[in-house]
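In my numbering, the protein residues as written are 1 to 251.
The beta-carbon is built from N, C-alpha and C at its ideal position, and this holds for glycine as well.
All figures in this text were calculated on a predicted structure; none of them were measured in a lab.
Each remark here refers to the structure printed beneath this line.
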């Protein structure tokens, strides 16, 4: 068994374990954290499917394209999960649901990430063709650029959320829980940035140098994903009673 196969099997095993607490956190947080934890759960599921596909396609000529698709699919739920958790954190810290401005920001952010992933997935199949078109490459470039822009956007939105709180929740446990989630997002952002840079380099290098370096793949393609998933899940378990505190505040 090659080191790549061992790595893929290890990833598969770990994400099969992580999907269990992901389901627990998803159900415990309820509607208040629905979007964030749904995408955390989706990320774990996509990585399980992605690792299984890569194990099956090892030594196949389509592997590089499959890796590109898996990378883009892996980045999108992470970005959407961070926004969902950040939204829950903001609502918990203020003790009420966000207004129209927050709704517009979150909606536009989701649209940005979805457009990026659509651009990448629709045109990624052309990389298999012997006649690669410059148009397809342009669309994929645009997709990765939009993913990078979405990461920069959520970094700014997180800093704004830390610096400015219009009003604090009267429920101290609710406020503390929201703050824990906010800090979890802050911890994850640098690792998501590293993961995104690595995915972009692999694509720009035509999946050769960066993808073939086992050390780079482990450090920037695997460890970063593990850190993000574990940090979010730990924060989710620590704040598992937020739904109860929200109901108590509304009473």
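Do residue j and residue i count as a contact pair if the criterion is CB distance below 9 Å?
i: residue 246; j: residue 152; result: no
i: residue 182; j: residue 86; result: yes
i: residue 195; j: residue 120; result: no
i: residue 82; j: residue 44; result: no
i: residue 92; j: residue 30; result: no
i: residue 214; j: residue 3; result: yes
i: residue 116; j: residue 144; result: yes
i: residue 147; j: residue 84; result: no
i: residue 192; j: residue 224; result: yes
Can you tell me which of the options puts its alpha carbon nearest to the alpha carbon of residue i?
i: residue 159; options: 114, 90 and 13; result: 90
i: residue 149; options: 161, 114 and 170; result: 114
i: residue 179; options: 235, 3, 98 and 119; result: 235
i: residue 187; options: 154, 1 and 217; result: 154
i: residue 50; options: 1, 16 and 197; result: 16
i: residue 48; options: 238, 240, 222 and 244; result: 222
i: residue 237; options: 56, 224, 164 and 20; result: 20
i: residue 118; options: 104, 141 and 189; result: 141
i: residue 5; options: 99, 108 and 56; result: 56
Determine the direct distance from the alpha carbon of residue j to that of residue i, and round the result to whole angstroms.
i: residue 46; j: residue 168; result: 36 Å
i: residue 101; j: residue 135; result: 36 Å
i: residue 54; j: residue 184; result: 30 Å
i: residue 229; j: residue 204; result: 26 Å
i: residue 61; j: residue 124; result: Confidence is the limiting factor: at residue 61 the pLDDT is only 46, short of 50, which leaves the residue's position unreliable and the question unanswerable from this model.
i: residue 254; j: residue 139; result: In the structure as shown, the chain begins at 1 and stops at 251. Residue 254 is therefore absent and cannot be evaluated.
i: residue 161; j: residue 26; result: 23 Å
i: residue 36; j: residue 14; result: 21 Å
i: residue 12; j: residue 170; result: 43 Å
i: residue 244; j: residue 137; result: 49 Å
i: residue 304; j: residue 97; result: A question about residue 304 goes unanswered here, because the residues of the chain that appear run from 1 up to 251.
i: residue 104; j: residue 110; result: 10 Å
i: residue 41; j: residue 34; result: 11 Å
i: residue 197; j: residue 99; result: 33 Å
Counting along the chain, where does the alpha helix (DSSP H) carrying residue i start and finish?
i: residue 144; result: 134-163
i: residue 179; result: 172-204
i: residue 268; result: As displayed, the chain neither begins before 1 nor continues past 251, which places residue 268 out of reach and without an answer.
i: residue 224; result: 223-238
i: residue 52; result: 34-56
i: residue 113; result: 100-124
With a cut-off of 8 Å on the beta carbons, I'd call residue i and residue j a contact; round off their distance for me.
i: residue 32; j: residue 232; result: Their Cβ separation, rounded to whole angstroms, is 16 Å, which puts residue 32 and residue 232 out of contact at 8 Å.
i: residue 219; j: residue 75; result: At roughly 17 Å, the Cβ-Cβ gap does not stay under 8 Å, so residue 219 and residue 75 are not in contact.
i: residue 249; j: residue 95; result: 6 Å
Check whether chain C comes within 9 Å of residue i, counting only Cβ atoms and requiring the distance to be less than that.
i: residue 249; result: Checking the listed chains, one finds no chain C in this structure; it contains a single protein chain.
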